[in-house]
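The structure appears right after this line, and notes come after that.
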Amino acid sequence: MRSPIRFERRLEQPKWLNWAIPVVSLIAALVLGAIVLLATGKNPLDVYGRIFERGFAGTRALSGSIKTATPLAFTGLCAAIAFRMGLINIGGEGQFYMGAVGATWAGLAFGGDLPTGAVVIVMALSGMVCGGLYAAIVGVLRAKFNTNEIITSLMMNYLAAIFLNYLIYNSTSYWRDPESRNFPAGKPISDRADWNFYEIGGIKIPLAFLIAILAAAAIWVLYKRTRFGFEVGVIADSPKAARYAGIRTTSTIVIVLALSGALAGLGGAADVGNFRGLLDSKGLQMSGYGYTGIVVAALARLNPISTLVVAVLIGGLTNAGFALQGPDFPSGLVGTLQGLILFTAVAGEVLVKYRIRRNRRIAAVAA
Amino acid sequence: MKSAVRMTGIVKRFPGVVANDGVDVDIRAGEVHALLGENGAGKSTLSNILTGLYRPDDGTVEIDGHPMQFSSPRDALEAGIGMVHQHFRLVSTFTVAENVVLGEPDSPFMMDAARVAQQVKELSDRYGLAVDPSARIWQLSVGEQQRVEIIKVLYRGAKVLILDEPTAVLTPIEADALFKTLRAMVAEGRTVIFISHKLDEVIKVSDRVTVLRGGKTVGTVETASTNTRELASLMVGRSVEFNRIVRSNPADVAHTVLTLDGVSARDDRGREALHDISLMVGRGEIVGVAGVAGNGQRELAEVISGMRPLSTGRIDVAGESVQSGRARSAIAKGIAHIPEDRLHTGLASSHSVEDNLALKNYRSSSLSKFRVLRRKAIRAQAADLVRSYDVKTPDTVTPVRLLSGGNVQKVLLAREFSSLPKVLIAASPTRGLDVGAIETVRARLVEAAERGVGILLISEDLDEIMSLADRIVVMYEGRLVDEVAAEAADRERLGLTMGGSTVSGGAR
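Below you can see the structure in the form of structure tokens.
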């Protein structure tokens, strides 16, 4: 028995596939989702209408979506910048935590003395440095010892989680609120360390999201216009050609991973400064921003600008999911719908690279 | 005598290359039949067609007198044809027995370990393939791993075994043991196809030899009635037409531009690939490095171009030392390099023509300012080079992998020559190109030499080396084993030294 179809690598990837495949994927997801909804006795049009309404229709829905999207924008950029060079940094999660740790420290240490603008800058820098250094460890291991960065970056997520637990639950650290004896919690940073929100066209946009836009633009320029971006591109295309051209692959690997980690760390800083106001060990670990960021980057085809758009889409879907949940709409069904969208998007990705061919059986002419 | 395998008029084309161009082979049942030829002669393509990996564009394959068309290796295996690949396909954490049954078409869900072990043992006893069925692959030597590959093929019931360069990885003692095994197999009526470019081995083990050159069959001879000398001349080709390109501007050997002094280096697996190589190239001199691929030529090119560190020795360009393993230093000192693997080493193949033309000088102040690329300048440089090197491309942003083989090479030449190098390392610069492109490339090389560039021409194509080089050195197993002036070069002698025979004791 052989399979009736086979996948064949495309020699060329026509440009129109870049937009056609995501659109077709989304339609496929909606159709598949409709089947599931019909089977559970729901009206698909009604459900899809509510998702749109809660996620994207109106300033309130959009404000919420952008808020949810902000951490994902950073972890998405973190994944995109590394994946573009073929470095599979799964460690955005841990780098995000470390950024939050660094930024909380800065917020606690300087929140009382410095003016708000300065505190924001110190927090952001501190988060970037912590996330960046944490990822640079992975980079050095990869560059010097050719260690698989997927494994090391993933393992370091668990290390970072344990470190968070230690800071909040298992010690009387600087980050823990000494008042919280019965139920340990993080120490809140001062109000002066809070990051601002801006209202643009009725939509509330956190400062962090504006920073994410700047970061995405900066990455775009870095990769498209600079020598460094050129070198990264050549390494991603062919490491041998890079060595041949005298490009320093080892240091480039470390720098790219450090930048990637710095972006996740900046996200962690934003999480503390713009939203939580303290180091929330449990909340961070339950959110899984780092992992969702990988999905965001993949759906955005590693383009930094698209990453922001996809982050908002996923943010909206997440919020709509929360809104849909209720006695008549189990959370499992919400998860199924979200899963279907991701699943078809990833399946569509395959079709960009491969095409499906019917298998013809060619047997012995005479036996 | 009955044919086990008969392949007639086999043609296989790849984009830009004709790998098999009407090959005829007739392999009798119960013989060891050697396929002899240089790399690129079409041996591997032919065996891949026979094992169902490739489909021929033309020609017929007959097994035991029946015409067959294989669409997968499994079809070929069902017809009794098994391949022992040069690069083993074993799972290193599995046992020998597990590897043997792995991928068997109708293997049961649970493996009957005792039964398989018993069968493996029977096969290994019968053919002298000593190996422990319960050992894990990573514990075995390379020779033992090869035995596992052979057992695997026998276990599947192959009547015709193809061995692709089987001795490349073996010590001489292991090779002798392998030859005994092969004799034992043909004694039992199996047929062995032995692919090699080593003359002595072919003489030692085979009954008949088919020689391939340039994708065509040169002829089939009885081993008993030939010798290494004759095979060498068949393999590299008689001097049909031998026109040395006449140069107006002779080499200036008094001025050395490239000096290698006692250079040794290791290959990717950490084995010594270059042993104590000393070599000089003068201004405008073309030195040909002849040899069968895999004897250290790639490492030699990489060491000089700074892609591979030296373990000992030093390299100087015009009296200045090149930093070991620093491509940037080599480029700065004026070493240009046309690598063997153009599309993946010489070029970033998914990148555009203009990016590839800037691959080595994007750091220069004319192409980037404050670390930002000057796209306009890069594009202008590309337009210029595309015009002067006559690269056929729709525009300068087309990825180079979409260009034809000849134009790919032109992009490379354009970049390397435009850097005004002192030294050029050219590795198989015309391999796989069509006649027109070959002429262009050779003319460019001679032009460069006339401008005073010292060229190290590494090639398996003796015609090319003999028509271009001023001086020829022969590489064998990482050493320079012979050196002759081009006018005094003798094809037969070169063929013999390339095959590892010493010059004095030529015949068998």
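As given, the protein sequences belong to chains P and V, one line each in that order.
Counted the way our numbering counts, the first sequence spans residues 1 to 367.
Counted the way our numbering counts, the second sequence spans residues 1001 to 1508.
Glycine residues also receive a C-beta, built at the ideal position from the N, C-alpha and C atoms.
On the three-state DSSP scale, how would you describe residue i?
i	result
Tyr-1476 of chain V	strand
His-1344 of chain V	helix
Arg-361 of chain P	Note that Arg-361 of chain P has pLDDT 48, beneath the 50 cutoff, so the model's placement of it is unreliable and no number is given.
Tyr-198 of chain P	strand
Thr-1223 of chain V	helix
Leu-17 of chain P	helix
Ser-381 of chain P	A query on residue 381 of chain P cannot be resolved here, the shown segment of chain P reaching from 1 to 367 and no further.
Leu-351 of chain P	helix
Leu-278 of chain P	coil
Thr-1312 of chain V	strand
Leu-1077 of chain V	helix
Ile-27 of chain P	helix
Ala-1358 of chain V	coil
Arg-411 of chain P	For chain P, the structure presents residues 1 to 367; residue 411 of chain P sits outside this window and is missing.
Gly-1500 of chain V	coil
Arg-181 of chain P	coil
Arg-1493 of chain V	helix
Arg-1247 of chain V	coil
Arg-142 of chain P	helix
Would you give the residue range spanned by the beta strand (DSSP E) that residue i belongs to?
i	result
Asp-433 of chain P	No information on residue 433 of chain P is available, as it lies outside the stretch 1 to 367 that chain P covers here.
Met-1068 of chain V	1066-1068
Asp-1026 of chain V	1017-1028
Ile-1277 of chain V	1272-1283
Ile-205 of chain P	203-206
Val-1253 of chain V	1252-1266
Ile-247 of chain P	Premise fails: Ile-247 of chain P is in no beta strand (DSSP E) and is neither H nor E.
Gly-1336 of chain V	In the sequence under discussion, the amino acid at residue 1336 of chain V is Ala, which differs from the Gly named in the question. Ala-1336 of chain V -> beta strand (DSSP E) spans 1335-1338.
Between which two residues does the alpha helix (DSSP H) holding residue i run?
i	result
Ala-1004 of chain V	Not the alpha helix (DSSP H): Ala-1004 of chain V falls in the beta strand (DSSP E), residues 1003-1014.
Glu-1469 of chain V	First, the residue type needs correcting, since residue 1469 of chain V is Ala and not Glu in the sequence shown. Here Ala-1469 of chain V belongs to no alpha helix (DSSP H), and DSSP marks it neither H nor E.
Phe-1194 of chain V	Taken as a continuous stretch (DSSP letters only), Phe-1194 of chain V belongs to no alpha helix (DSSP H), being part of the beta strand (DSSP E) at 1191-1196.
Thr-68 of chain P	58-83
Leu-1300 of chain V	1297-1304
Ile-90 of chain P	Element bounds for Ile-90 of chain P: n/a, residue is neither H nor E.
Thr-1051 of chain V	Premise fails: Thr-1051 of chain V is in no alpha helix (DSSP H) and is neither H nor E.
Leu-1511 of chain V	The requested residue 1511 of chain V does not occur in the structure, where chain V is confined to residues 1001 to 1508.
Ile-1151 of chain V	1142-1155
Ile-1173 of chain V	1172-1187
Asp-1228 of chain V	Rather than Asp, the amino acid found at residue 1228 of chain V in this sequence is Thr. 1228-1236 is the span of the alpha helix (DSSP H), which, as asked, contains Thr-1228 of chain V.
Ile-168 of chain P	149-168
Val-1205 of chain V	1199-1205
Ala-1168 of chain V	It is not in any alpha helix (DSSP H) - Ala-1168 of chain V carries neither H nor E in the DSSP assignment.
Val-1032 of chain V	It is not in any alpha helix (DSSP H) - Val-1032 of chain V instead sits in the beta strand (DSSP E) that spans 1032-1036.
Ala-1113 of chain V	1113-1127
So residue i contacts chain P; which residues on that side make the cut at Cβ distance below 8 Å?
i	result
Arg-1371 of chain V	Thr-226, Arg-227, Phe-228
His-1351 of chain V	Gly-233, Val-234, Asp-237
His-1344 of chain V	Ser-238, Lys-240, Ala-241
Pro-1339 of chain V	Tyr-244
Tell me, please, which residues DSSP counts as bridged to residue i.
i	result
Asp-1058 of chain V	V:Val-1011
Tyr-289 of chain P	Answer is none; Tyr-289 of chain P lacks a bridge partner.
Lys-1216 of chain V	V:Arg-1213
Glu-1483 of chain V	V:Val-1473
Met-1083 of chain V	V:Ile-1162
Ile-255 of chain P	In DSSP, Ile-255 of chain P forms no bridge with anything.
Lys-1369 of chain V	V:Val-1372
Gly-186 of chain P	P:Arg-176
Glu-1320 of chain V	V:Val-1317
Val-1289 of chain V	V:Ile-1458, V:Val-1473
Ser-1352 of chain V	V:Pro-1399
Going along chain P, which residues have a C-beta under 7 Å from residue i?
i	result
Ala-1510 of chain V	The requested residue 1510 of chain V does not occur in the structure, where chain V is confined to residues 1001 to 1508.
Met-1307 of chain V	Arg-243, Tyr-244
Ser-1368 of chain V	Arg-227
Along chain V, in chain order, which residues have C-beta atoms closer than 8 Å to that of residue i?
i	result
Tyr-134 of chain P	Within 8 Å Cβ-Cβ: nothing; Tyr-134 of chain P doesn't reach chain V, min ~26 Å.
Run through chain V and tell me which residues come within less than 9 Å of residue i, C-beta to C-beta.
i	result
Ala-245 of chain P	Ala-1327, Arg-1328, Ile-1331, Ala-1348, Leu-1359, Lys-1360, Tyr-1362
> Curious, which full-length alpha helix (DSSP H) runs of at least 4 residues does the segment 298-342 of chain P contain?
Replying inline: 304-324
> Which runs of the beta strand (DSSP E), 3 residues or longer, sit entirely within the segment 1379-1457 of chain V?
Replying inline: 1423-1427
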